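K.L.:
Before I ask anything, here is the structure I am working with.
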Amino acid sequence: MTPPSRAGDRQHTFKSLYEAVYPDLLRFVQRRAHPDHAEDVVADAFLVVWRRLDELPRLQDDARAWVFGITRNRLLNEQRGEQRRRALGVRLAGTTAAGPPADPDADLAVSRVDLGTAWTRLSEVHQEVLGLTVFEELKAPQAAAVLGISSVAFRLRLSRARRALRRHLDHLPQPSGTPVGVPERTTAP
Amino acid sequence: MTLIRDIDTALRSLDAADHDVDPGSARARTDLQRILATDPSPGLLPQPRLPSADRVGRPRRTPPNARRVAMAGGVLAAVTAGVVALPSLTGGDQAFASWTRAAQGMTGQEGADAAVSCRRMQEDGAGAEYADGLSSAEPVVAERRGVWTTVVLAGTDGFSAMCVTDNSTPLFSRDMIGSVGTPTDDAAPGPRHLIATSLGAGTMNAGVLSLAAGTAGSQVVEVVYHSRTHGDVAATVSHGHFALWLPGDELKDASSNGVEVAVTYRDGSTGTIRLTL
Numbered sequence: 009m010t011p012p013s014r015a016g017d018r019q020h021t022f023k024s025l026y027e028a029v030y031p032d033l034l035r036f037v038q039r040r041a042h043p044d045h046a047e048d049v050v051a052d053a054f055l056v057v058w059r060r061l062d063e064l065p066r067l068q069d070d071a072r073a074w075v076f077g078i079t080r081n082r083l084l085n086e087q088r089g090e091q092r093r094r095a096l097g098v099r100l101a102g103t104t105a106a107g108p109p110a111d112p113d114a115d116l117a118v119s120r121v122d123l124g125t126a127w128t129r130l131s132e133v134h135q136e137v138l139g140l141t142v143f144e145e146l147k148a149p150q151a152a153a154v155l156g157i158s159s160v161a162f163r164l165r166l167s168r169a170r171r172a173l174r175r176h177l178d179h180l181p182q183p184s185g186t187p188v189g190v191p192e193r194t195t196a197p
Numbered sequence: 090m091t092l093i094r095d096i097d098t099a100l101r102s103l104d105a106a107d108h109d110v111d112p113g114s115a116r117a118r119t120d121l122q123r124i125l126a127t128d129p130s131p132g133l134l135p136q137p138r139l140p141s142a143d144r145v146g147r148p149r150r151t152p153p154n155a156r157r158v159a160m161a162g163g164v165l166a167a168v169t170a171g172v173v174a175l176p177s178l179t180g181g182d183q184a185f186a187s188w189t190r191a192a193q194g195m196t197g198q199e200g201a202d203a204a205v206s207c208r209r210m211q212e213d214g215a216g217a218e219y220a221d222g223l224s225s226a227e228p229v230v231a232e233r234r235g236v237w238t239t240v241v242l243a244g245t246d247g248f249s250a251m252c253v254t255d256n257s258t259p260l261f262s263r264d265m266i267g268s269v270g271t272p273t274d275d276a277a278p279g280p281r282h283l284i285a286t287s288l289g290a291g292t293m294n295a296g297v298l299s300l301a302a303g304t305a306g307s308q309v310v311e312v313v314y315h316s317r318t319h320g321d322v323a324a325t326v327s328h329g330h331f332a333l334w335l336p337g338d339e340l341k342d343a344s345s346n347g348v349e350v351a352v353t354y355r356d357g358s359t360g361t362i363r364l365t366l
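Protein chains in written order, with the numbering used here: chain A, 9 to 197; chain B, 90 to 366.
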């Protein structure tokens, strides 16, 4: 039987983890699963975290990545009956050609429409590494931990994903009058 | 401006996730209570699948998890700048029950982890304006007193950051007190001298504590403070720095009035040095 004080410590630890990570984890799931189920997925994932709390990494960034990794595995495991996926694709918000940018201060050098189109042409593996870097803003060691690969492998995969995205952008048709083009971009040989 | 940065910025403008998520929403709180009500023992439960709670309205922005409070009275004189305490709302080493007069060292990994934690806590608090200094500073003191860890990071031009952390508090709301900054008149101590950079007292969840830290000359091997309450409190002396702390407010006026410490030198001789700021 767990002593009361230890059980209390466990609850305190979990509550602080839950409150700190909940927003990021919900966003993590919203990007990778149907938004209607996102809160259910988060609740399931945190239940696993609660049961495995003794494995919680000591550093905050590592702990956050550990929770992401548990959640990713649960999402992947839900693919029973279908072909087992090895990566989680990342969904982008819908884009419209005439729509204003979400961040008016951002100096966007690429069209959001083109980027959205190019994104859909990426493999889920490439979407996943870019998503962890761009949206979750994880550094290589933590992102690698989410995927269960080495930091070196993650960096290599990320580099390939960036190249693939640029390649897709380069090969999109450019309708006249649409503000596309990246000034620094060079044409691939 | 680089291509990568532009694309990353553009991608973020296409983020499908909600910007404002409230961990204190009705749904989140309901789920938390349901989870805490389950038996955490592995293997005793079927595969988890929580029933859906009722949908709630659009989340609202919530304040950060940890309260961030400046040290009461600012009585801890820092190098030149900020002092911050991060009180935990729960748990913790009440009344410094585990504290010890003599410090224990840490393993290399423990010290590295403690240094990373200190750097990040400072970056999120009073040390936010010292991001460059914190990123390049190296740990020069890493000690443990019971559940408490003390880390001193040192960089160029006398920059230093100190964290005294109650590691019994939850990971995401650690109770920490410390100092950070660069001295206005950086000078190396003589081989048989000490220069204090942090000296004073402050309040944490566990109570009031006093601390002294700074740079130590090359001949200094031991520094001891004779506490009225606790007896001899030994500092950790490492990499040209020293650090000690003790429960209570004995050093609350030390920054202006000074405080004496006993020093042992490499040749075995001893002496007394008065620390002030």
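All C-beta atoms in this analysis are idealised placements derived from N, C-alpha and C, irrespective of residue type, glycine included.
The structure presented is a predicted model; accordingly, all values stated were derived computationally and were not measured.
Looking at the secondary structure, which residues open and close the alpha helix (DSSP H) in which H176(A) lies?
P.N.:
In the first sequence, counting from the first residue as 1, residue 176(A) sits at position 168. Where H176(A) is concerned, the enclosing alpha helix (DSSP H) stretches over 159-178.
K.L.:
Could you tell me whether the Cβ atoms of A250(B) and L242(B) are closer together than 8 angstroms?
P.N.:
As a working note, residue 250(B) is residue 161 in the second sequence. As a working note, residue 242(B) is residue 153 in the second sequence. Against a cut-off of 8 angstroms, the Cβ pair of L242(B) and A250(B) comes out as a contact.
K.L.:
Using 8 angstroms for Cβ pairs, my map puts Q135(A) next to V98(A). What's the rounded Cβ distance?
P.N.:
For the purposes of this step, residue 135(A) is identified with residue 127 of the first sequence, where counting begins at 1. For the purposes of this step, residue 98(A) is identified with residue 90 of the first sequence, where counting begins at 1. Confirmed, about 4 angstroms.
K.L.:
CA-CA distance, T127(B) and D62(A)?
P.N.:
Working through the second sequence from its first residue, we reach residue 127(B) at position 38. Working through the first sequence from its first residue, we reach residue 62(A) at position 54. Roughly 16 angstroms between the two C-alpha positions.
K.L.:
Kindly confirm or deny that the segment 312-324 of chain B and the segment 346-360 of chain B touch, where touching means at least three C-beta pairs closer than 8 angstroms.
P.N.:
Yes, since at least three Cβ pairs between the segment 312-324 of chain B and the segment 346-360 of chain B fall closer than 8 angstroms, the two stretches touch.
K.L.:
Can you tell me whether S299(B) is helix, strand or coil according to DSSP?
P.N.:
As a working note, residue 299(B) is residue 210 in the second sequence. If DSSP states are grouped into helix, strand and coil, S299(B) belongs with the strands.
K.L.:
From K341(B) to Q19(A), what distance separates their C-alpha atoms?
P.N.:
Translated into the one-based positions of the second sequence, residue 341(B) becomes position 252. Translated into the one-based positions of the first sequence, residue 19(A) becomes position 11. Rounded to the nearest angstrom, the two C-alpha atoms are 35 angstroms apart.
K.L.:
Under a three-way DSSP split, which group does Q308(B) fall into?
P.N.:
Numbered from its first residue, the second sequence carries residue 308(B) at position 219. It is coil, neither helix nor strand.
K.L.:
Buried or exposed for L25(A), please, with buried defined as at least 16 other CB atoms from any protein chain shown within 10 angstroms of its CB.
P.N.:
In the first sequence, residue 25(A) corresponds to position 17, counting from 1. Result: buried.
K.L.:
At least one CB of chain A closer than 8 angstroms to the CB of R281(B): is that the case?
P.N.:
Locating residue 281(B) in the second sequence gives position 192, where the first residue counts as 1. Chain A contact via Cβ: absent.
K.L.:
Within 8 angstroms of any Cβ in chain B, is that where the Cβ of F76(A) sits?
P.N.:
In the first sequence, counting from the first residue as 1, residue 76(A) sits at position 68. No, F76(A) does not count as interfacial toward chain B.
K.L.:
By a C-beta neighbour count over all protein chains shown, 10 Å radius and 16 as the cutoff for buried, is Q38(A) buried or exposed?
P.N.:
Translated into the one-based positions of the first sequence, residue 38(A) becomes position 30. So Q38(A) ends up on the buried side.
K.L.:
Listed in chain order, which residues of the segment 25-43 of chain A have Cβ atoms closer than 7 angstroms to some Cβ of chain B?
P.N.:
Against chain B - using a Cβ distance shorter than 7 angstroms - the residues of the segment 25-43 of chain A are L25, Y26, E27, A28, Y30, P31, L34, R35, Q38, R39.
K.L.:
Among residues of its own chain, excluding the 5 on either side of A290(B), which ones have a beta-carbon nearer than 7 angstroms to its beta-carbon?
P.N.:
Along the second sequence, read from residue 1 onward, the residue named residue 290(B) stands at position 201. Once the five neighbours on either side are set aside, the close Cβ partners of A290(B) are V164, L165, V297, L298, S299, D338, L340, K341.
K.L.:
Which residues in the same chain as V322(B) place their Cβ atom closer than 6 angstroms to its Cβ, once the five residues preceding and following it in sequence are excluded?
P.N.:
Here residue 322(B) refers to the residue found at position 233 of the second sequence. If we look at V322(B) and ignore the five residues flanking it on each side, its Cβ neighbours are R190, Y314, S316, L333, L335.
K.L.:
Which residues, taken in chain order from the segment 252-279 of chain B, show a beta carbon closer than 7 angstroms to some beta carbon of chain A?
P.N.:
If the cut-off is 7 angstroms between Cβ atoms, the segment 252-279 of chain B has P259, L260, F261, S262 near chain A.
K.L.:
Compute the distance between the beta-carbons of Q150(A) and D69(A), then report whether it is under 8 angstroms.
P.N.:
In the first sequence, counting from the first residue as 1, residue 150(A) sits at position 142. In the first sequence, counting from the first residue as 1, residue 69(A) sits at position 61. For Q150(A) and D69(A), yes; Cβs fall inside 8 angstroms.
K.L.:
For the pair the segment 97-109 of chain B and the segment 119-131 of chain A, tell me if three or more CB-CB distances fall below 8 angstroms.
P.N.:
Touching, yes.
K.L.:
Check whether chain B comes within 8 angstroms of F54(A), counting only Cβ atoms and requiring the distance to be less than that.
P.N.:
In the first sequence, counting from the first residue as 1, residue 54(A) sits at position 46. So, interface residue.
K.L.:
T21(A) versus chain B: which residues are under 7 angstroms apart at the beta carbon?
P.N.:
Within the first sequence, residue 21(A) is the residue found at index 13, counting from 1. The answer, in chain order, is P259, L260.
K.L.:
Pop quiz: G329(B) and T361(B) are said to be a contact at Cβ under 8 angstroms. What is the actual Cβ separation, rounded to whole angstroms?
P.N.:
Along the second sequence, read from residue 1 onward, the residue named residue 329(B) stands at position 240. Along the second sequence, read from residue 1 onward, the residue named residue 361(B) stands at position 272. Not really, about 20 angstroms apart at Cβ, beyond 8 angstroms.
K.L.:
Between L67(A) and D202(B), which are expected to be in contact by the criterion C-beta below 8 angstroms, what is the C-beta distance as a whole number of angstroms?
P.N.:
The residue given as residue 67(A) occupies position 59 in the first sequence. The residue given as residue 202(B) occupies position 113 in the second sequence. Contact holds; Cβ gap of about 6 angstroms.
K.L.:
Please report the distance separating the alpha-carbon of L121(B) from that of T79(A).
P.N.:
Position 32 of the second sequence, counted from the first residue, corresponds to residue 121(B). Position 71 of the first sequence, counted from the first residue, corresponds to residue 79(A). Those two C-alpha atoms are separated by around 16 angstroms.
K.L.:
Below 8 angstroms on the Cβ atoms is my guess for D255(B) versus D182(B); work out the distance and round it to an integer in Å.
P.N.:
Along the second sequence, one-based indexing puts residue 255(B) at 166. Along the second sequence, one-based indexing puts residue 182(B) at 93. Between D182(B) and D255(B) the Cβ distance is about 5 angstroms, and since that is below 8 angstroms, they are a contact.
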